[in-house]
Amino acid sequence: MRGGPLVVIGDALLDVDIEGTAGRLCPDAPVPVIDHARERQRAGGAGLAARLAAGIAGCDVVLVTAVGDDPAGHRMAELMAAYADVVRVPMAGTTSCKTRIRAAGQTLVRIDRGDGHAAGGPLPRRVAEVLGCAGAVLVSDYGRGIAAHPEVRRLLTALPDGVPVTWDPHPLGPAPIRGARLVTPNHAEARGFAGVAAAGEPLTQAAGDASVLVGRWGATGVAVTLGERGALLSMGEAAPYVCPAPVASTPRADGCGAGDCFAATAAHVLHGGGMVTEAVTEAVHRASAFVAAGGVVSIEAVPEEKAAAAKEEGHEEDVWAIVRRTRERGGRVVATGGCFDLLHAGHVGLLREARRLGDCLVVCVNSDASVRALKGPDRPLVPVADRLRVLAALECVDAVAVFDELTPVALLERLEPDLWVKGADYSGIDLAEAGVVRRRGGEVVLLPYLDGRSTSGLVARARETVVPGGETR
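Take any residue in the sequence shown, note its place counting from 1, add 1253, and you have its number in the working numbering.
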């Protein structure tokens, strides 16, 4: 094992998902009308691979990619900078942007724009510098030129033997450099690369194709990914290694990004000194879990908005910055509120469901004085600073804000959420804040709440277990 960052080299794209509901057809054409559409942006291609690697690697990630001087390129660079050190290579043309329009978990249409390719001129000096100290390399080729750049290929060929190279190929890209530790085509790609019309079941085809490609590319191993079947690894003439997928995908599972997850995981394992078989096994398991969790849709859209330190302190300027950026992207702001004294399963379930309704969740929290006025002099049990830290640690919470009044009406006047969420235990109650939310153009909804979960109930049961003198029963 060699120290140093995991360097991802490849073609980053800007991916956009516009997702809503489709409950009716357009009156002038038999096409669905998408209502309540909200937009999510993320770095795709090599940018997604770097994002996933940063989430699992436990080490620094450096992304070497071409970035265009255009709005999509600027946004892509902003997104990537939140999880990787980005080394920018000049781009010729405009940044590639892929937009999916989705409803009910299904992609209805994809629109591709941008013709950007890595420019053919000299590379920035930093490319050689980061590869010179790399602990492992992942080439995420999307056919946009960086993997074919002569200087990139020379630098990759010159890497020491102890630096494992994982290569995720593309039909429009070049062949991997000789000596790659692992190459990860999918089934269709392997068929095309091998050019062998082998008959038989997918496993038989994959075994034949992978064996041919090991010899042709001079790779240690070629792993053909097979979707819900898992992956097959060939290291030459010996019997192939097959790793079935542990989680069966549903017919509507979104497989977008699964190949990037597989390659990023394999590169991580090899970076840590693992064997090729270990890399493939872990990659299959993680990619299967990734798809089962919802694929790229499950990834937070704007990682820089998850600035935990700012959230923990409830800094209002950071709350408003998050809300502003969400609205600039056309996103939907969801808000909810409460004391959150002794956070429990009911709270967590409600917050998770609330976050799924939009693109940003702001939690409005009663101050200590507000809780005392509502609950009595012996509450809160947990001071506001600690309550904020616990809430901020939840992945589904984007920001927290404190209010001193009995209700968050004044805070909501400024926040103007698109959706105000409360638990169904408030059904039939005239919420004081409902008026201001609706007046500002928002909606009020109630979500299911886990029965039997409440802070007051927890406190009462805890007190029942204590006898005079402070001893527990």
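Positions of the beta carbon are idealized from the N, C-alpha and C atoms, including for glycine.
- Ranked by Cα distance from A1532, the first of V1576, G1483, V1549 is G1483.
- Contact between L1595 and L1634 holds, since their C-beta atoms are separated by about 6 angstroms, short of 8 angstroms.
- C-alpha of R1539 to C-alpha of G1480: approximately 12 angstroms in a straight line.
- Three or more pairs of CB atoms, one per stretch, sit closer than 8 angstroms, so the segment 1655–1672 contacts the segment 1584–1604.
- Between the segment 1372–1391 and the segment 1258–1271 there are three or more C-beta pairs closer than 8 angstroms, enough to call the two in contact.
- In this structure, the beta-carbon distance from V1418 to L1486 does not fall below 8 angstroms.
- In the displayed model, P1343 falls within a strand according to three-state DSSP.
- Taking the Cβ atoms as the reference, M1329 lies roughly 4 angstroms from L1267, within the contact range of under 8 angstroms.
- Here R1431 is near G1471, since their CB atoms are less than 8 angstroms apart.
- Separation of the CB atoms of G1321 and T1348 is rounded to 4 angstroms, and the pair is thereby assigned contact status at 8 angstroms.
- Check the Cα spacing between L1647 and each of P1630, V1616, G1548: the tightest is with V1616.
- Under the three-state reduction of DSSP output, C1514 falls in the helix class.
- Three or more beta-carbon pairs drawn from the segment 1509–1519 and the segment 1297–1309 are found closer than 8 angstroms, and the two stretches are therefore classed as touching.
- Looking at Q1359, P1324, V1317, R1577, the one whose alpha-carbon comes closest to that of R1341 is V1317.
- Across the structure, G1396 and P1424 are spaced so that their CA atoms are roughly 7 angstroms apart.
- DSSP lists N1619 as the beta-bridge partner residues of F1656.
- DSSP places H1370 in the strand class (E or B) of the three-state scheme.
- In this chain, the alpha helix (DSSP H) harbouring P1455 covers 1455–1470.
- Assignment of T1534 by DSSP, reduced to helix, strand and coil, places it in the helix class.
- Around the beta-carbon of I1364, fewer than 16 other beta-carbon atoms lie within 10 Å, marking it exposed.
- The shortest CA-to-CA distance from R1577 to any of R1608, C1592, L1614 is the one to L1614.
- For the pair M1344 and A1371, the CB atoms are nearer than the 8 angstroms cut-off.
- In the three-state DSSP reduction, E1686 falls in the coil class, being neither helix nor strand.
- For E1331, the enclosing alpha helix (DSSP H) begins and ends at 1324–1333.
- In the structure shown, A1638 falls within a helical segment according to DSSP collapsed to helix, strand and coil.
- Between V1624 and L1641, the C-beta spacing is not below 8 angstroms.
- L1610 has its alpha-carbon roughly 35 angstroms from the corresponding atom of T1534.
- A straight-line Cα-Cα distance of about 27 angstroms links A1381 and V1475.
- Residue state for V1550 is assigned as helix, using DSSP reduced to three classes.
- Shown here, T1419 sits in a strand according to DSSP, grouped into three states.
- Take R1379, set aside five residues on each side of it, and the residues of its chain with a beta-carbon closer than 7 angstroms to its own are V1340, in chain order.
- DSSP places I1354 inside the beta strand (DSSP E), whose first and last residues are 1350–1356.
- With a contact defined as Cβ atoms closer than 8 angstroms, L1384 and L1361 miss out at about 41 angstroms.
- For G1590, the enclosing beta strand (DSSP E) begins and ends at 1586–1591.
- Secondary structure note for P1403: its alpha helix (DSSP H) is the uninterrupted segment 1403–1410.
- Under the criterion of beta carbons closer than 8 angstroms, L1699 and H1524 do not qualify as touching, at roughly 47 angstroms.
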